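Trainee: The structure follows.
As structure tokens, then:
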């Protein structure tokens, strides 16, 4: 497995692979990899001849008071995980390699980003779309893999790829969870012991919502209130958002009629965690 | 020469060419081609195995009170010109093929677009960057050709390509002029006989500015005033902007020290025309 930090070098390696007719799978990450990322890398290595993982804590997708400075890093551990999961190359650029001082291009999106995480984090998806566009141009993958945990991100990337006719297949992959149901996240590492226990409430609240949907509940308000009640029962939890939206447009809906995303963002202490599920009738 | 209106078909053709190891040159246009475009196509056909010309009047780069509806069209004439100049494929999509109803991705730029045409036409360069990104993703050219007449556009595209690591070489080509000095433009066709004569004032004013620069003038204000006086002497002309900017950053400068763009936009009657030259010391 190769570890590269230069755009030029990565492009050269990939051009050679393409010349040999090899297919390329790509997993863009911010590092501090967990079993969620591992499942993406494994899937990519089953479906492609070569697999590239990028590790880049992308500054432009963080807001001014977010956790950019504290975002966890462990390149040695990440390297081992990538190797074992079947990656062929890690692309690990620094900020200067990705963004010149006078970098001024932005890829952004209307509509899809106005709700959910886009509402709580106003410049977040511009940062995501810009870096993912750039990474796609560097890696030119045949397939790229994203976790369903960041459901809005997945929808945004799919839309961007469709709108801009980018030649890549976007593969969405299931959420990987801890045994007690908490969705795997690099940010789980921020949680104290007590907070870690409290964090179970995210998945618990969604499970209850899912049960009531399966029993026939179709009112978004009732679903939101049920989730709210569960979250409120946990002292350490503070709601950022609880939303029921159309799974394609990410717009709020009143009545559940078609594919629907139920998504939440909850602070456990200072740590913001997200979870979701898609309900298909 | 092929004429195609479907993205999918164009991608197929180009994939086949690339498989055969052929290089692709690309000229994005809005049609109603003139000798300026012709010079780009000829240059592209000298430098590449295959040449694609896109003809698409891109609605999202026009402002609400601009000339989208009246923009001139003549596909038969364009086809003949492309064929004679050495093009292999014309990509001529309609609006629906390029933009789905729920298209919502935007490629935009800070800084470089705040001056000059970006100031007069606030959403113009977002429209240009978005369509050119999409066209680059469809055509995946080795080289793409743009005229120096749209100097700010050329600078913006170069920056976008650098920022987003797009794998294409941008080739800027000299302005092609009528015998009396007027820069060739599809919009010249809007001019009445009287206006056509009046339009000579654009190039005339720049020629005088160039002469004074060559004689040692280094004050932007003096250059601007000299151009202004020439333009004002023509009754049918109305100034949109006269600017002296750094040729890379497109920012206004007071004193001319390095590569400098002197750019003007002038209304002749209702027709907005642009012209410019770059002064290298």
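Residue numbers (our numbering), protein chains in the order written: chain C, 16 to 296; chain G, 16 to 296. Ideal placement from N, C-alpha and C gives every residue a C-beta, glycine not left out. Computed from a predicted structure; not experimentally measured.
1) Check whether chain G comes within 8 Å of residue 241/C, counting only Cβ atoms and requiring the distance to be less than that.
2) Decide if the region 269-281 of chain G is in contact with the region 246-259 of chain G; the criterion is three or more beta carbon pairs, one per stretch, under 8 Å apart.
3) Counting only C-beta atoms, is residue 119/C closer than 8 Å to chain G at any point?
4) What would DSSP say about residue 206/G, mapped onto helix, strand or coil?
5) Check whether chain G comes within 8 Å of residue 148/C, counting only Cβ atoms and requiring the distance to be less than that.
6) List, from N- to C-terminal side, the alpha helix (DSSP H) runs of 4 residues or more that fit wholly inside the region 149-215 of chain C.
7) Got a sec? Which residues, its chain only, sit under 8 Å from residue 75/G by beta carbon, not counting five neighbours each side?
8) Could you give the C-beta distance for residue 38/C and residue 178/C, rounded to a whole number, given that I count them as a contact under 8 Å?
9) Please compile the residues from chain A whose C-beta is within a distance smaller than 7 Å of the C-beta of residue 107/C.
10) At least one CB of chain C closer than 8 Å to the CB of residue 201/G: is that the case?
11) Would residue 65/C pass as an interface residue toward chain G - the criterion being a Cβ-Cβ separation below 8 Å?
12) On the three-state DSSP scale, how would you describe residue 269/C?
13) Short of 7 Å in beta carbon distance, which residues of its chain neighbour residue 109/C, apart from the five on each side in sequence? Order them along the chain.
14) Residue 189/G touches chain C at which residues, Cβ-Cβ below 7 Å?
15) Please report the residue range of the beta strand (DSSP E) in which residue 287/G lies.
16) Label residue 43/G either buried or exposed according to how many other C-beta atoms from any shown protein chain fall within 10 Å of its C-beta, with 16 as the threshold for buried.
17) Can you give me the Cβ contacts of residue 266/G inside the same chain, cut-off strictly under 7 Å, excluding the 5 residues immediately before and after it?
18) Tell me the DSSP bridge mates of residue 43/C?
19) Beta carbon of residue 292/C, beta carbon of residue 221/C: below 8 Å?
20) With 8 Å as the C-beta to C-beta threshold (strictly closer), list the residues of the region 25-41 of chain G near chain C in chain order.
21) Among 185/G, 63/G, 155/G, 73/G, which residue has its Cα nearest to the Cα of residue 26/G?
22) Is the beta carbon of residue 251/C closer than 8 Å to that of residue 209/C?
23) Using a C-beta cutoff of 8 Å, does residue 130/C count as contacting chain G?
24) Determine, using beta carbons only, whether residue 276/G comes closer than 8 Å to chain C.
25) How many angstroms separate the CA atom of residue 132/G from the CA atom of residue 167/G?
26) Can you tell me whether residue 247/G is buried or exposed, with buried defined as 16 or more other CB within 10 angstroms of its CB?
27) Considering only DSSP beta bridges, list what residue 31/C is partnered with.
28) Closer than 8 Å by C-beta to residue 50/C: which residues in its own chain qualify, once you throw out the five before and the five after it? Chain order, please.
29) Name the DSSP beta bridge partners of residue 17/G, please?
30) Could you pull the start and end residues of the alpha helix (DSSP H) that residue 238/C belongs to?
31) Which of helix, strand or coil does DSSP assign to residue 261/G?
32) Quickly, what does DSSP pair residue 280/C with across the bridge? List them, please.
33) Should residue 95/C go down as buried or exposed, given a rule of 16 or more other Cβ atoms within 10 Å for buried?
34) Can you name the residues of chain C whose CB is closer than 7 Å to the CB of residue 180/G?
35) Run through DSSP, which three-state label would residue 85/C get?
36) Here's the rule I'm using: 16 or more other beta-carbon atoms within 10 Å means buried, otherwise exposed. How should residue 80/C be labelled?
Mentor: So, to answer that:
1) As a first step, residue 241/C is located in the first chain; it is residue number 226 there, counting from the start. Not one chain G Cβ lies under 8 Å of residue 241/C.
2) yes
3) On the first chain, residue 119/C is found 104 positions in, with the first residue counted as 1. Residue-level contact by beta carbon holds for residue 119/C and chain G, with a gap shorter than 8 Å.
4) For the purposes of this step, residue 206/G is identified with residue 191 of the second chain, where counting begins at 1. Residue state, collapsed to three classes: coil.
5) The residue given as residue 148/C occupies position 133 in the first chain. Cβ-Cβ to chain G under 8 Å: yes for residue 148/C.
6) 166-178, 208-213
7) Residue numbering aside, residue 75/G sits at position 60 when the second chain is read from its first letter. 114, 138, 141, 142, 145, 146, listed in sequence order.
8) Residue mapping note: residue 38/C aligns to position 23 of the first chain, counting from 1. Residue mapping note: residue 178/C aligns to position 163 of the first chain, counting from 1. By a beta-carbon distance limit of 8 Å, residue 38/C does not contact residue 178/C. Their separation comes to about 24 Å.
9) Although the question refers to chain A, the structure presented lacks it and instead comprises the protein chains C and G.
10) On the second chain, residue 201/G is found 186 positions in, with the first residue counted as 1. Chain C, which has no Cβ nearer than 8 Å to the Cβ of residue 201/G, makes this no.
11) Start at 1 with the first residue of the first chain, and residue 65/C comes out as number 50. No, no contact with chain G.
12) Numbered from its first residue, the first chain carries residue 269/C at position 254. Residue 269/C falls in the coil class under three-state DSSP.
13) Indexing the first chain from 1 puts residue 109/C at position 94. Counting only Cβ-Cβ distances below 7 Å, and skipping sequence neighbours, we find 20.
14) By 1-based counting over the second chain, the position of residue 189/G is 174. The contacting residues do not exist; residue 189/G stays about 26 Å from chain C at best.
15) In the second chain, residue 287/G corresponds to position 272, counting from 1. Its beta strand (DSSP E) spans residues 286-294.
16) To locate residue 43/G, count along the second chain from 1; it is residue 28. Classification for residue 43/G: buried.
17) The residue you call residue 266/G lines up with position 251 of the second chain. Here the set comprises 130, 260.
18) As a first step, residue 43/C must be located in the first chain, where it is residue number 28. According to DSSP, residue 43/C shares a beta bridge with 69/C.
19) In the first chain, the residue the question calls residue 292/C occupies position 277. In the first chain, the residue the question calls residue 221/C occupies position 206. Result yes, Cβ atoms of residue 292/C and residue 221/C sit closer than 8 Å.
20) 26
21) Taking the second chain and counting its residues from 1, the one referred to as residue 26/G is at position 11. Looking only at 185/G, 63/G, 155/G, 73/G, the smallest Cα-Cα distance to residue 26/G is reached by 155/G.
22) Numbered from 1 along the first chain, position 194 holds the residue referred to as residue 209/C. Numbered from 1 along the first chain, position 236 holds the residue referred to as residue 251/C. Contact flag set, yes.
23) Position 115 of the first chain, counted from the first residue, corresponds to residue 130/C. False, the Cβ-Cβ gap to chain G never drops below 8 Å.
24) Within the second chain, the letter at position 261 stands for residue 276/G. Cβ-Cβ to chain C under 8 Å: no for residue 276/G.
25) Sequence index remark: in the second chain, residue 132/G carries index 117 (1-based). Sequence index remark: in the second chain, residue 167/G carries index 152 (1-based). Distance between the alpha carbons of residue 132/G and residue 167/G is about 7 Å.
26) Mapped onto the second chain, residue 247/G falls at position 232. By the neighbour-count definition (other C-beta atoms within 10 Å, threshold 16), residue 247/G is an exposed residue.
27) Taking the first chain and counting its residues from 1, the one referred to as residue 31/C is at position 16. In DSSP, residue 31/C forms no bridge with anything.
28) Here residue 50/C corresponds to residue number 35 of the first chain, with the count starting at 1. Cβ within range, chain order: 191, 199.
29) Translated into the one-based positions of the second chain, residue 17/G becomes position 2. Answer is 104/G, bridged to residue 17/G.
30) The residue given as residue 238/C occupies position 223 in the first chain. That run of the alpha helix (DSSP H) goes 235-247.
31) Walking along the second chain from the start, residue 261/G turns up at place 246. Looking at residue 261/G - three-state DSSP - the assignment turns out to be strand.
32) Locating residue 280/C in the first chain gives position 265, where the first residue counts as 1. Looking at the DSSP output, residue 280/C shares a beta bridge with 256/C, 289/C.
33) In the first chain, residue 95/C corresponds to position 80, counting from 1. Its Cβ having fewer than 16 others within 10 Å, residue 95/C is exposed.
34) Counting from one through the second chain, the residue named residue 180/G turns up at place 165. Result: 22, 149, 152, 153.
35) Locating residue 85/C in the first chain gives position 70, where the first residue counts as 1. Of the three classes helix, strand and coil, the one that applies to residue 85/C here is coil, per DSSP.
36) The sequence position of residue 80/C within the first chain is 65, counting from 1. Exposed, by the Cβ-count rule.
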